[in-house]
Each structure stands twice: as C-alpha cells, then as structure tokens.
Amino acid sequence: MFRTVRSILVVEDEPLIRLVLEDVLACAGFAVLIAASSEAAIAIIDARAMQLSGLVTDIQLGDRTSGWELARYARECNPEIPIVYTSGTCGADWSAQGVPVSQFVGKPFKSGEILSALAALLNDSEQSAA
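With the first letter of the sequence shown counted as 1, position 102 gets the number 132 in the numbering used here; the numbers rise by one all the way through.
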C-alpha cells in the first residue's frame with residue numbers, strides 16, 4: 031500500500047526559522063517546498079496550487095505582499111488549502127485578517143505547535159471532503 035506524501039509550502043523570510051520549519055515538517059513526513067519571499071511563494075502556488083496540502087506562512091515577510099495577502103491568494107488558487115500563520119507580532123489581527131479555517135502560531139513557537147496546528151487543519155479538510 032502506498033502512502034501519499036503531502037506537500038507543504040513554507041514561506042518565511044528569516045533563514046533560521048525557515049530551516050527549523052523545513053526540518054520539523056520533513057521529519058514529520060511532509061514534502062517541504064520553501065520560499066523566502068512572497069514572490070517566490072506566488073510562483074510555487076501558480077505552478078502547484080492544487081498539489082499543495084498546506085501553507086505555513088509568516089505574516090510579515092519583508093516584501094510587498096504580506097502573509098495575509100499571500101494566504102488569500104493561495105485560497106483563490108486552491109480553496110481547500112489549510113493555512114497556518116506565524117508571527118511574533120501580528121496575532122491580534124488574525125481573526126480580522128486571516129482566512130477562514132486557518133490557525134495562528136505565535137513566535138517563538140515549539141515544533142509541536144506547528145505540527146498540531148497543521149494536523150488539526152488537515153484533519154478538518156479530510157473530514158469535510160468525506
């Protein structure tokens with residue numbers, strides 16, 4: 031029996047956090063795609079939106095497009111994609127700015143928090159598809 035490997039796009043402008051997220055998700059069995067900017071993330075979304083199983087994005091990416099806007103764009107391309115936002119400062123805006131059926135994990139975070147948030151969203155999307 032073959033197991034489908036889920037692809038997660040990680041968008042993070044801080045190199046060390048990006049490496050931690052990549053390592054945590056890869057160790058949990060995900061195929062991890064990495065983008066250091068919103069432009070790189072948009073290129074990946076444009077090419078693979080329907081193959082992505084989830085998006086983990088920082089809110090403040092240091093370029094023109096915020097994580098809020100990036101998540102909305104990803105949802106336009108793939109309406110079912112689970113979104114996990116991360117930030118050290120923007121948590122209070124999540125309910126107003128975040129897309130529905132998303133999670134917020136504040137920085138600094140423990141690896142288990144990211145995995146739990148993603149697992150909850152993936153389980154919800156599987157149950158709604160059934």
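Using N, Cα and C, we set each Cβ at its ideal position, and we do this for glycine too. Nothing here was measured: the structure is a model prediction, and the numbers come from that model.
Scanning its chain for C-beta atoms nearer than 8 angstroms, with the 5 sequence neighbours on each side dropped, one finds around Leu-152 the residues Arg-36, Ser-83, Gly-84, Pro-112, in chain order.
Annotation: the continuous alpha helix (DSSP H) that includes Asp-76 extends over 68-78. Annotation: the continuous alpha helix (DSSP H) that includes Gln-127 extends over 124-127. In this structure, Thr-116 is the residue among Thr-116, Thr-95, Cys-107 with its C-alpha nearest to the C-alpha of Ser-141. For Gln-133, the number of other beta carbons within 10 angstroms of its own is at least 16, and it is reported as buried.
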